[in-house]
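Q: In terms of mature numbering (1 follows the signal peptide of the UniProt record, and there is no 0), the sequence shown is residues -28 to -1, 1 to 452.
We treat Cβ as the ideally placed atom computed from N, Cα and C, and that holds for glycine.
Please read these numbers as outputs of a predicted model, since none were measured by experiment.
Structure below; questions to follow.
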Amino acid sequence: MESLCSNSFSSRLLLLFVFFVLSHRVNAGEPVLELVKGFEAKPDSSVVSFQPLLTDPSGNFSLGFLRLNGSRLSLAVTHPNLTDPLWVFDPTRSASWSHKTKLFFNGSLVISDPSSRVEWSTHTNGDRVIIRNDSNLLVVKTTSSVEWESFDFPGNTLVENQNFTSAMALVSSNGQYSMRLGSDFIGLYAKVNEDSQQFYWKHSALQAKAKIKDGSGPILARINPNGYIGMYQIGNIPVDVEAFNSFQKPVSGLLILRLEPDGNLRGYLWDGTHWALNYEAIRETCDLPNPCGPYSLCTPGSGCSCIDNATVIGECIHANSESPVDFCGKTAEFKVVRRGGVEVPFKELMDHKTTSSLGECEEMCVESCKCFGAVYNNGSGFCYLVDYPIRTMLGVADASKVGYFKVREGVGKKKSRVGLTVGMSLLAVIALVLMVAMVFVWFRSWSREKRVLEEDNGLSPGPYKNLGSDSFRSVEMSRR
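Structure representation (structure tokens):
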């Protein structure tokens, strides 16, 4: 009897253990509402795009493995109707989509991939992981106190009611653009090299309802459900309101703000069926940071063209990735391209000097090896020195606004050399084919002539042409 009871108790313990293990492993397509200690998951090789692991109560947002380029993955929070995730664990790194990668929760949410040397952790001591219905991923204690939240680490997207502080940055998915807060403004910046950025858009606080006070701390920004992004310093009274299209309209849904790969800041509204464009910081194409590419012009109403006016758009001068970041050094030779009807974009955000002539303005750029170009306004005498690689300039009708641009010798020629090499190779192949054809024709002609000669030497054509040596001997014998 004791043995039977003991076996029954052991069986129950085994069943409980099996249930515990199975309940903490998540299969593809079976997301849960919370992750608890002991949870572990690995990528499913059969999943094509996204493997959900955790979902919010509304079912709109999921945490899971996002497949990248077939063989890589990112831990991401997604919405089913958005092409890009709302949050990723690390925008600069990805893990491998393999059995070696695993996500687990032991108080910290951890993703580990020894093969890629990726190790990321929330470094917490929580009891559960959940997603709220606003997409915020949380590590919480049993007491519901928050140990960690994804809203503190934005990627390229801000979500409604998410605080954006001066210590944070939104970064576009391609890493080229960023949004940051200044002392009294929201600013957008373009990455021009590893060490510097170009300021290209600024929205300053109007301070109509509240004033920014020195010494009262930095400002923060937050998307308000009433349809605007507000800047705040103290309390809930905004020092500025930047209105969305849905501002003060009776609409319901989730608002997000995203820094796009083209450098624009756009807001979207989820109305329950689709994401609708709700805000654009930059309305005109030519006001974007680099709409036409390097060494190009963007003219409002006309579109893109090349600064040198000699090539079609898409084939403008391109600096290769191996070029130095400036014109300093003995080997830094360059040619000069001049063009009238040119302005620097975002000139309100750029420093300038006043010179008496175009020549004086150009000379300032010539003397500085860190200068890539200069744009001179003959009317005002303003000289704008461009100390970063030339991107899209602004085309204008006023020919007295002149651009002077340095172009590194050899830049743009590599493509021409490649084209020349391909062309020469093609000609060589054609010549070889013609030569082979000529040899073949000559050989056939020679073979035909040889055959005719052989036939002529072997008696005459006609009925005697097939006479061989035996027949010839028989003729001789008949004569005897």
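Only counting the same chain, and skipping five residues up and downstream in sequence, which positions put a Cβ closer than 7 Å to that of Val213?
A: By one-based count along the sequence shown, residue 213 stands at place 241. Around Val213: Tyr200, Gly202.
Q: In angstroms, rounded to a whole number, what distance separates the CA positions of Val358 and Cys300?
A: Taking the sequence shown and counting its residues from 1, the one referred to as residue 358 is at position 386. Taking the sequence shown and counting its residues from 1, the one referred to as residue 300 is at position 328. If you take the alpha carbons of Val358 and Cys300, they lie about 15 Å apart.
Q: Since Cys341 contacts Cys355 with CB under 8 Å, what's their CB separation in whole angstroms?
A: In the sequence shown, the residue the question calls residue 341 occupies position 369. In the sequence shown, the residue the question calls residue 355 occupies position 383. 17 Å between Cβ atoms; not a contact.
Q: Between Arg65 and Val308, what straight-line distance do the alpha-carbon atoms span, to the nearest angstrom?
A: Counted from its first residue, the sequence shown places residue 65 at position 93. Counted from its first residue, the sequence shown places residue 308 at position 336. About 40 Å.
Q: Within the same chain, show all residues whose beta-carbon is closer than 7 Å to that of Lys174, passing over the 5 residues directly before and after it, in chain order.
A: Along the sequence shown, read from residue 1 onward, the residue named residue 174 stands at position 202. Excluding positions up to five away in sequence, the list reads Phe157, Gly159, Leu321.
Q: What is the DSSP secondary structure of Leu38, reduced to helix, strand or coil?
A: Taking the sequence shown and counting its residues from 1, the one referred to as residue 38 is at position 66. Here Leu38 sits in strand by DSSP.
Q: DSSP three-state label for Ile402, please.
A: Reading the sequence shown from its first residue, position 430 is the one you call residue 402. Helix, per DSSP.
Q: Look up Glu2 in the DSSP assignment and say whether it is helix, strand or coil.
A: Along the sequence shown, one-based indexing puts residue 2 at 30. Residue state, collapsed to three classes: coil.
Q: My understanding is that Ala67 touches Asp85, with C-beta atoms under 8 Å, so please give their C-beta distance in whole angstroms.
A: Translated into the one-based positions of the sequence shown, residue 67 becomes position 95. Translated into the one-based positions of the sequence shown, residue 85 becomes position 113. Ala67 to Asp85, Cβ: 4 Å. Contact.
Q: Three-state secondary structure (DSSP) at Asp298?
A: Your numbering for residue 298 matches position 326 in the sequence shown. It is coil, neither helix nor strand.
Q: Would Thr137 pass as a contact of Leu192 if the rule is Cβ separation under 8 Å?
A: Here residue 137 corresponds to residue number 165 of the sequence shown, with the count starting at 1. Here residue 192 corresponds to residue number 220 of the sequence shown, with the count starting at 1. A contact, by the Cβ cut-off of 8 Å.
Q: Exposed or buried, which one is Ile209 when buried takes at least 16 other CB atoms within 10 Å?
A: Within the sequence shown, residue 209 is the residue found at index 237, counting from 1. Counting Cβ neighbours within 10 Å, Ile209 comes out exposed, since fewer than 16 surround it.
Q: Do you know offhand how far Pro63's Cα is from Lys319's?
A: Position 91 of the sequence shown, counted from the first residue, corresponds to residue 63. Position 347 of the sequence shown, counted from the first residue, corresponds to residue 319. The straight-line gap from Cα to Cα measures roughly 31 Å.
Q: Provide the residue span of the beta strand (DSSP E) that contains Asn265, from first to last.
A: One-based indexing of the sequence shown puts residue 265 at position 293. First, the residue type needs correcting, since residue 265 is Gly and not Asn in the sequence shown. Where Gly265 is concerned, there is no enclosing beta strand (DSSP E), given that its DSSP letter is neither H nor E.
Q: Would you call Ile289 buried or exposed, if buried means 16 or more other Cβ atoms sit within 10 Å of its Cβ?
A: As a working note, residue 289 is residue 317 in the sequence shown. Buried is the call here.
Q: Based on DSSP bridge pairs, tell me the residues matched to Ile83.
A: Within the sequence shown, the letter at position 111 stands for residue 83. Its beta-bridge partners are Leu75, Trp92.
Q: Counting pairs of Cβ atoms below 8 Å between the stretch 96 to 111 and the stretch 163 to 180, do you hit three or more?
A: The stretch 96 to 111, when compared against the stretch 163 to 180, does not touch it at the 8 Å Cβ threshold.
Q: Is the beta carbon of Asn133 closer than 8 Å to that of Leu142?
A: Start at 1 with the first residue of the sequence shown, and residue 142 comes out as number 170. Start at 1 with the first residue of the sequence shown, and residue 133 comes out as number 161. Going by C-beta atoms, Leu142 is not nearer than 8 Å to Asn133.
Q: Note down the Cα distance separating Ile362 from Tyr161, rounded to an integer number of angstroms.
A: Taking the sequence shown and counting its residues from 1, one reaches residue 362 at position 390. Taking the sequence shown and counting its residues from 1, one reaches residue 161 at position 189. The straight-line gap from Cα to Cα measures roughly 16 Å.
Q: From which residue to which residue does the beta strand (DSSP E) around Gly331 run?
A: Here residue 331 refers to the residue found at position 359 of the sequence shown. First-last for Gly331: 330 to 339, but that is the alpha helix (DSSP H), not the beta strand (DSSP E).
Q: Can you look up Val408 in the DSSP assignment and give me helix, strand or coil?
A: Working through the sequence shown from its first residue, we reach residue 408 at position 436. In this structure, Val408 counts as helix in the three-state DSSP scheme.
Q: Are the CB atoms of Leu35 and Leu109 within a distance shorter than 8 Å?
A: Residue numbering aside, residue 109 sits at position 137 when the sequence shown is read from its first letter. Residue numbering aside, residue 35 sits at position 63 when the sequence shown is read from its first letter. Contact flag set, yes.
Q: Please report how far the alpha carbon of Ala369 lies from the alpha carbon of His324, in whole angstroms.
A: If you number the sequence shown from 1, residue 369 lands on position 397. If you number the sequence shown from 1, residue 324 lands on position 352. Distance between the alpha carbons of Ala369 and His324: 21 Å.
Q: Measure the beta-carbon distance from Glu119 to Gly98 and round it to whole angstroms, keeping in mind my assumption that it falls under 8 Å.
A: As a position in the sequence shown, residue 119 is number 147, starting the count at 1. As a position in the sequence shown, residue 98 is number 126, starting the count at 1. Contact holds; Cβ gap of about 4 Å.
Q: Count the other CB atoms within 10 Å of the CB of Lys183; is the residue buried (16 or more) or exposed (fewer)?
A: Numbered from its first residue, the sequence shown carries residue 183 at position 211. It counts as exposed.
Q: State buried or exposed for Gly367, treating a residue as buried only when at least 16 other CB atoms are found within 10 Å of its CB.
A: To locate residue 367, count along the sequence shown from 1; it is residue 395. The residue in question, Gly367, is buried, as its Cβ has 16 or more Cβ neighbours within 10 Å.
Q: Measuring alpha carbon to alpha carbon, tell me which of Phe306, Pro15, Gly10 ends up nearest Arg380.
A: Taking the first residue of the sequence shown as position 1, residue 380 is located at position 408. Checked all of Phe306, Pro15, Gly10; the closest Cα to Arg380 is Phe306.
Q: Do Asn198 and Phe219 have their CB atoms nearer than 8 Å?
A: In the sequence shown, the residue the question calls residue 198 occupies position 226. In the sequence shown, the residue the question calls residue 219 occupies position 247. Yes, the pair counts as a contact, with Cβ atoms nearer than the cut-off.
Q: Between Cys270 and Thr364, which are expected to be in contact by the criterion C-beta below 8 Å, what is the C-beta distance as a whole number of angstroms?
A: In the sequence shown, residue 270 corresponds to position 298, counting from 1. In the sequence shown, residue 364 corresponds to position 392, counting from 1. Correct: roughly 5 Å between the Cβ atoms.
Q: Helix or strand or just coil, what does DSSP make of Asp370?
A: For this step, residue 370 is matched to residue 398 along the sequence shown. Note: Asp370 maps to coil in three-state DSSP.
Q: Just confirm the distance between the C-beta atoms of Ser144 and Glu6, as a whole number of angstroms; I'd bet it's less than 8 Å.
A: One-based indexing of the sequence shown puts residue 144 at position 172. One-based indexing of the sequence shown puts residue 6 at position 34. At roughly 32 Å, the Cβ-Cβ gap does not stay under 8 Å, so Ser144 and Glu6 are not in contact.
Q: Do Val131 and Gln179 have their C-beta atoms closer together than 8 Å?
A: Within the sequence shown, residue 131 is the residue found at index 159, counting from 1. Within the sequence shown, residue 179 is the residue found at index 207, counting from 1. No, the Cβ-Cβ distance between Val131 and Gln179 is not below 8 Å.
Q: Please report the straight-line C-alpha distance between Ser188 and Ala177, rounded to a whole angstrom.
A: Counting from one through the sequence shown, the residue named residue 188 turns up at place 216. Counting from one through the sequence shown, the residue named residue 177 turns up at place 205. Ser188 and Ala177: Cα-Cα distance of roughly 16 Å.
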